[in-house]
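Below is one structure; the comments refer to it alone.
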Amino acid sequence: MGPSSRQAERHARQITIPEIGPEGQRKLARARVLVFGAGGLASAAIYYLACAGVGTIGVADDDRIELSNLNRQILHNPHRIGMLKVFSAQHTIMGFSPETHVVAYPRRVESVTEMVEVIKEFDAVIDCTDNFESRDLINESCILARKSWVYGAVSGFEGQVMTITPGRGPCYRCLYPSLPQSSDNSARAGVIGVSPGFIGVLQASEIIKHILGKGSLLVGRLLYADLLEMDFSELHVSKNPTCRYCGGHMSMEG
Ligand SMILES: [Zn+2]
10 MGPSSRQAER HARQITIPEI GPEGQRKLAR ARVLVFGAGG LASAAIYYLA CAGVGTIGVA
70 DDDRIELSNL NRQILHNPHR IGMLKVFSAQ HTIMGFSPET HVVAYPRRVE SVTEMVEVIK
130 EFDAVIDCTD NFESRDLINE SCILARKSWV YGAVSGFEGQ VMTITPGRGP CYRCLYPSLP
190 QSSDNSARAG VIGVSPGFIG VLQASEIIKH ILGKGSLLVG RLLYADLLEM DFSELHVSKN
250 PTCRYCGGHM SMEG
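For the working numbering, count along the sequence shown from 1 and bump the result up by 9.
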């Protein structure tokens, strides 16, 4: 069986979905998605992007695997403690889906200029980081590179997700005009694996719809999920007139 017929068989059950079809499947195969982070959110997002047949997945992270990651980071395993997460992610996806091309960036991207250069190589971005500063950097870089990105965050049994499409909807700074202090970060807060698992899958789902050009994205809609109470709510987010990125363009793009 050749690579193309193997791929067709692998995705047979989704190619029959009218919103996908052979053309949609080709779009997914051609797509290049960049994921910032290789932890809990990324574990779910990357697995399901690979499942869907997204051809190229970039992963950027400079962290190494610790045992305490494994209550949620299902890309990794106990034999890889100390390994850089991006290489573990690459290894896992190679085994699961050999046709998926995983590009590893084993470093922290710290400047907007550098981030824009990396982002330009991709069609869309998923934020699977765990802090406000990284998301702010992703937000600004995606606005400059004019790429859509999906924001996700989790804590405890809760999570939230929103899709940002520059020029169309509000951005991360419209949602958080002033960034919370680093001490408020959830980086070290408690979390159970189902929360990043659930939110990461929603992030992958948003990206897949974006690639296909089908369905309704969470643009201007912050979806909030409380898995403990099984309560889902949606907050309407508008472009903030005082946003440093969106404010001046309200009349043109609002
Ligand atoms: Zn904004």
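From the three backbone atoms N, C-alpha and C, an ideal C-beta is built for every residue, glycine too.
### Message
Could you compute how far the alpha carbon of residue 117 sits from the alpha carbon of residue 136?
### Response
14 Å
### Query
Measuring CB to CB, does residue 189 end up less than 8 Å from residue 246?
no
### Query
What's the gap between the Cα of residue 151 and the Cα of residue 71?
20 Å
### Query
My guess is that residue 44 and residue 59 are in contact by the Cβ rule of under 8 Å, so how many angstroms apart are they, rounded?
11 Å between Cβ atoms; not a contact.
### Task
State the CB to CB distance for the pair residue 155 and residue 175, rounded to an integer number of angstroms; the pair is presumed to be in contact (CB under 8 Å).
5 Å
### Query
Among 182, 229, 171 and 47, which residue has its Cα nearest to the Cα of residue 251?
182
### Query
Beta carbon of residue 144: closer than 7 Å to some heavy atom of ligand 1?
no
### Query
In the structure shown, what three-state DSSP assignment does residue 181 receive?
helix
### Cβ-heavy atom distance, residue 80 to ligand 1, below 7 Å
no
### Query
Taking 7 Å as the cut-off, is the CB of residue 182 close to at least one heavy atom of ligand 1?
yes
### Task
On the DSSP bridge assignment, give the partners of residue 164 in chain order.
167
### Query
Taking the alpha carbon of residue 161 as the point to measure from, which residue in 32, 112 and 134 has its own alpha carbon closest?
134
#### Entry: Coarse secondary structure for residue 248, derived from DSSP in three states
coil
### Message
Taking the beta carbon of residue 88 as the centre, do at least 16 other beta carbons fall within 10 Å, making it buried, or is it exposed?
### Response
exposed
### Task
Within the same chain, show all residues whose beta-carbon is closer than 7 Å to that of residue 227, passing over the 5 residues directly before and after it, in chain order.
170, 171, 172 and 215
### Query
Does any heavy atom of ligand 1 sit closer than 7 Å to the C-beta of residue 151?
no
### Task
Inspect the beta-carbon positions of residue 97 and residue 83 and report whether they are closer than 8 Å.
no
### Message
Given this structure, state the Cα-to-Cα distance separating residue 234 from residue 165, to the nearest angstrom.
### Response
11 Å
### Task
Look at residue 63 and residue 95 and say whether their C-beta atoms are less than 8 Å apart.
no
### Task
Report buried or exposed for residue 198, applying the criterion of at least 16 other Cβ atoms within 10 angstroms of its Cβ.
exposed
### Rounded separation between residue 99 and residue 34 - CA only
22 Å
### Query
Using the C-alpha atoms, what's the distance from residue 39 back to residue 18?
18 Å
### 8 Å Cβ cutoff met for residue 205 and residue 159
no
### Query
From residue 244 to residue 208, what does the alpha carbon distance come to, in whole angstroms?
16 Å
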